[in-house]
Amino acid sequence: MRAWRRLEDKDREKVMENIASHEDWKRCFCEIAPGLLLFARQWVHSAADAEDIVQEAFVKFWRRNHKVDNRALLYSAVRSIALDFIRRNSRRARREASVCAAFAGSV
Numbered sequence: 039m040r041a042w043r044r045l046e047d048k049d050r051e052k053v054m055e056n057i058a059s060h061e062d063w064k065r066c067f068c069e070i071a072p073g074l075l076l077f078a079r080q081w082v083h084s085a086a087d088a089e090d091i092v093q094e095a096f097v098k099f100w101r102r103n104h105k106v107d108n109r110a111l112l113y114s115a116v117r118s119i120a121l122d123f124i125r126r127n128s129r130r131a132r133r134e135a136s137v138c139a140a141f142a143g144s145v
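Structure (structure tokens):
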């Protein structure tokens with residue numbers, strides 16, 4: 039994140055404009071990912087889950103559009119994926135609890 043802040047505005051725009059190549063994506067990921075990781079950890083409270091969420095956001099973003107013209111869109115993607123993750127875990131926990139309750143009731 040610090041590296042991102044040290045870039046001049048014009049350099050930031052340059053990085054964000056031409057992300058079609060692998061090296062540009064790699065550079066973009068290295069510069070933006072730390073901030074996205076912190077953001078994702080606020081949602082999921084797990085470093086490993088946050089890393090998975092950020093990686094998934096970058097992959098989805100790359101598949102849909104080779105030009106990154108707005109960091110806010112990446113943050114929005116991370117938030118959306120994190121919320122999906124939370125919902126999925128919540129549903130799984132409810133299913134597991136109901137199975138445990140049913141099993142305990144049958145014993």
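Take the sequence shown: its position 49, counted from the start at 1, is 87 in this note's numbering, and no numbers get skipped.
The beta carbon of each residue, even a glycine, is placed where N, CA and C say it ideally should be.
Just so you know, these numbers come straight off a predicted model, no measurement behind them.
| Item | Value |
| --- | --- |
| Here's the rule I'm using: 16 or more other beta-carbon atoms within 10 Å means buried, otherwise exposed. How should E61 be labelled? | exposed |
| Near G143, which residues of its chain fall below 8 Å by C-beta distance, leaving aside the five closest residues on each side in sequence? | none |
| Using the Cβ count rule (16 or more neighbours within 10 Å means buried), how would you classify V82? | buried |
| Do the CB positions of R29 and A85 come within less than 8 Å of each other? | The shown model of the chain, from 39 to 145, leaves out residue 29, and the question about it has no answer. |
| Have a look at L111, A110, V116 and K98 and flag the residue whose alpha-carbon is nearest the alpha-carbon of D87. | V116 |
| Would you kindly report the start and end of the unbroken alpha helix (DSSP H) that includes S84? | Note, S84: premise wrong, no alpha helix (DSSP H); not H, not E. |
| What is the rounded straight-line gap between the Cα of N108 and the Cα of R125? | 26 Å |
| Give the DSSP-derived three-state secondary structure of N127 in the structure shown. | helix |
| Cα-Cα, which of N127, I119, A131 and R130 is closest to E94? | I119 |
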